[in-house]
Amino acid sequence: MDCIRKQFDQDLLLDGRYQTLSPLNHGSFGMVFLAKNVKTNATVAIKCIAKASGSDTCPAAIAVDERSEELDIHSHLGSHPNIVSLLDTFETEHHTYLVIEFCPNGDLYEAIRLNRGPLETEHVRDFMMQLISAVEFMHAKGVYHRDIKPENIFLTQSGSMKLGDFGLATRDQWSTEYAVGSDRYMAPEQFSETSYTTGYSPAAADVWAIGICLLNVLFSRNPFATPTQSDPIFDDFVRDRYSLFDVFPTMSQDTFTVLMQCLAIDPAKRSLAAVRAALESVLSFTTDDDAMDDFCIEERDPIRAT
468 MDCIRKQFDQ DLLLDGRYQT LSPLNHGSFG MVFLAKNVKT NATVAIKCIA KASGSDTCPA
528 AIAVDERSEE LDIHSHLGSH PNIVSLLDTF ETEHHTYLVI EFCPNGDLYE AIRLNRGPLE
588 TEHVRDFMMQ LISAVEFMHA KGVYHRDIKP ENIFLTQSGS MKLGDFGLAT RDQWSTEYAV
648 GSDRYMAPEQ FSETSYTTGY SPAAADVWAI GICLLNVLFS RNPFATPTQS DPIFDDFVRD
708 RYSLFDVFPT MSQDTFTVLM QCLAIDPAKR SLAAVRAALE SVLSFTTDDD AMDDFCIEER
768 DPIRAT
């Protein structure tokens with residue numbers, strides 16, 4: 468079969484049972500499309516990844532990258548309620564197809580854009596706890612996502628979330644792969660050219676991304692274009708962490724405490740357990756509906772980035 472991403476063809480029958488319905492999006496290293504299992508009538512998502520041998524037949528198509536361990540990682544992880552499930556796989560000469568669970572309510576990015584994301588304190592807390600649970604499970608299995616962002620967080624009909632797209636995931640506890648991920652969610656050390664030699668912890672990078680996702684849920688925006696010295700907002704943040712209140716003036720002290728655990732400049736000081744504990748203590752994520760507390764108006768000494 469020719470490369471499906473050159474031109475999406477509806478109503479193709481793949482592997483004798485999956486009828487193609489419509490394109491969904493482009494994940495890491497592959498196109499994702501909607502399909503129906505004609506034998507069970509179940510709706511599924513299918514990710515099509517070109518093998519190295521298929522790159523000539525897909526010159527501008529599905530990314531071919533030998534770093535992708537997506538199939539092996541799915542198989543290694545097994546099942547978790549907050550991780551998109553791998554249902555089936557099949558291959559052709561030039562492509563590998565991953566049949567994955569379809570989440571009918573789309574992704575978190577679209578929910579935020581349409582103002583349909585979690586809003587109330589308990590909903591936000593529960594949502595973030597689900598994300599932390601998924602990442603804790605992955606890390607315990609020795610898997611590190613490296614591309615946690617709203618576009619890769621999917622929403623089920625019941626309102627729960629599922630983390631997906633493991634195209635950039637790794638099982639290396641220490642990585643020297645420079646600039647892997649999505650710029651606005653990557654940790655500072657992932658931009659550092661010293662990563663080529665000294666490397667970085669993918670686990671700590673995942674914790675940073677969780678903090679950026681929280682800010683997106685609460686305020687529908689990212690704090691930094693990139694966490695590098697060329698970004699003046701990030702440069703201010705490095706000098707004084709309280710400068711984040713200038714970017715998000717309605718952020719509560721409780722939210723700031725959570726972010727202190729996620730967005731530590733020193734990766735060794737980021738902790739999923741500490742993030743979970745801080746989230747459990749949150750009374751309110753924003754000051755929109757509460758009187759400004761003393762913390763937000765009293766004079767403070769700068770907190771240097773740690």
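Numbering (my numbering), first residue to last: 468 to 773. Where is the CB? At the ideal position from N, CA and C, for every residue including glycine.
Which residue's Cα is closest to the Cα of residue i: the options?
i, options, result
"L491", "N508, D632, I540 and D593", "D632"
"L711", "M628, I679, K736 and S542", "I679"
"G545", "A671, V610 and K506", "V610"
"T717", "S625, T693 and T754", "T754"
"S719", "K503, T695, A636 and S751", "S751"
"Y564", "I513, T724 and R484", "I513"
"F604", "V551, E536 and D698", "V551"
"R583", "F621, Q696, S697 and T559", "F621"
"H612", "T588, I599 and T637", "T637"
"S687", "T722, S642, L575 and D721", "L575"
"V511", "L553, S542, E537 and D539", "L553"
Secondary structure at residue i, three-state DSSP: helix, strand or coil?
i, result
"M596", "helix"
"T693", "coil"
"D478", "coil"
"T661", "helix"
"V591", "helix"
"G483", "coil"
"N508", "coil"
"V531", "With a pLDDT of 49 at V531, under the threshold of 50, the modelled position of this residue cannot be trusted, and the question is left open."
"L653", "This sequence places Met at residue 653; Leu is not what is there. Note: M653 maps to coil in three-state DSSP."
Could you tell me how far apart the beta carbons of residue i and residue j are, in whole angstroms, since I believe they sit closer than 8 Å?
i, j, result
"E656", "P734", "6 Å"
"Q696", "D702", "5 Å"
In chain order, what residues of the same chain lie with their CB nearer than 7 Å to the CB of residue i, ignoring the 5 residues before and after it?
i, result
"N683", "I579, P617 and N689"
"T487", "D476, Q477, D478, L479, L481, F500 and A502"
"D650", "T693"
"R484", "N504, V505 and K506"
"T623", "C570, N572 and K629"
"Y667", "S642, E656, Q657 and P734"
In chain order, what residues of the same chain have a beta carbon less than 6 Å from the beta carbon of residue i, not counting five sequence neighbours either side?
i, result
"D555", "V566"
"L726", "G678"
"R743", "I599"
Among residues of its own chain, excluding the 5 on either side of residue i, which ones have a beta-carbon nearer than 8 Å to its beta-carbon?
i, result
"S627", "P548, N549 and Q597"
"E660", "Y645"
"P585", "V591, D593, F594 and V684"
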